[in-house]
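Remarks on the structure that follows.
Residue numbers (my numbering): 68 to 280.
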């Protein structure tokens with residue numbers, strides 16, 4: 068089974084902060100559907116940001132998709148193969164319309180505008196969101212923004228999904244719609260959630276950072 072991410076003896080702390088990870092070792096394999104748990108401050112979001120190169124460990128190494136990743140440019144390929152869904156969808160949605168937000172990634176991957184639009188519409192259709200394509204993004208509901216953010220991630224055809232508290236603040240209907248969509252996706256998954264029902268529905272195993280970090 069292929070190892071997609073590996074942390075090797077990672078030490079990390081924020082400036083003037085305590086040591087958050089101390090010689091931390093961890094692996095994610097192809098096909099895993101992992102729930103990342105632990106109390107506030109355990110390092111769950113930090114771990115995802117380390118995997119994507121948004122944070123840099125003080126020591127140790129990150130291996131992603133079979134290659135050591137250290138310099139910023141090393142993570143360009145990682146961000147093509149792994150999609151990170153941030154806690155706040157407003158951190159991801161910055162284009163005027165939904166279709167432009169979803170097409171942003173494919174355009175950066177080298178698709179021309181016509182191809183990117185067609186591909187993005189297909190992704191929206193798969194998520195039953197095609198009716199939102201021309202909507203102004205910042206006027207969407209919270210649940211709609213979450214799903215559009217997911218569409219923006221999926222439009223880049225990632226091998227791995229990293230989802231950070233994706234259902235926080237959603238009403239019951241919007242939450243279940245989100246869960247039903249994610250449950251059918253084939254990608255390897257790392258999910259952070261404080262909601263036990265979300266972890267139970269979407270993951271096969273949990274990893275407690277409060278114990279293992």
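Idealized CB from N, CA, C, for every residue including glycine.
Going by DSSP in three states, residue i sits in which element: helix, strand or coil?
i, result
"residue 180", "helix"
"residue 89", "strand"
"residue 262", "coil"
"residue 96", "strand"
"residue 72", "strand"
"residue 256", "strand"
"residue 164", "strand"
"residue 208", "coil"
"residue 195", "coil"
So who's on the other strand from residue i, going by DSSP bridges?
i, result
"residue 150", "228"
"residue 136", "129"
"residue 141", "Partner(s): none; residue 141 has no beta bridge."
"residue 77", "91"
"residue 275", "104"
"residue 203", "164"
Could you give the distance in angstroms between the alpha-carbon of residue i and the alpha-carbon of residue j?
i, j, result
"residue 278", "residue 103", "11 Å"
"residue 93", "residue 186", "35 Å"
"residue 217", "residue 152", "7 Å"
"residue 193", "residue 219", "12 Å"
"residue 175", "residue 225", "14 Å"
"residue 148", "residue 255", "11 Å"
"residue 71", "residue 236", "31 Å"
"residue 96", "residue 143", "20 Å"
"residue 274", "residue 181", "42 Å"
"residue 204", "residue 101", "30 Å"
"residue 89", "residue 164", "43 Å"
"residue 76", "residue 200", "44 Å"
"residue 138", "residue 112", "20 Å"
"residue 150", "residue 118", "11 Å"
"residue 127", "residue 136", "11 Å"
"residue 158", "residue 74", "26 Å"
"residue 140", "residue 129", "14 Å"
"residue 247", "residue 240", "11 Å"
"residue 69", "residue 115", "19 Å"
"residue 249", "residue 269", "7 Å"
"residue 179", "residue 210", "30 Å"
Can you tell me the Cβ-Cβ gap for residue i and residue j, rounded? I've got them flagged as a contact below 8 Å.
i, j, result
"residue 234", "residue 265", "5 Å"
"residue 222", "residue 169", "5 Å"
"residue 280", "residue 132", "Not a contact, Cβ separation roughly 23 Å."
"residue 207", "residue 215", "6 Å"
Please give the ranges of any alpha helix (DSSP H) in the region 99-128, keeping only runs that are unbroken, at least 4 residues long and fully inside the region. The region 99-128 is shown to contain whole alpha helix (DSSP H) runs of 4 or more residues at 111-118, in chain order.
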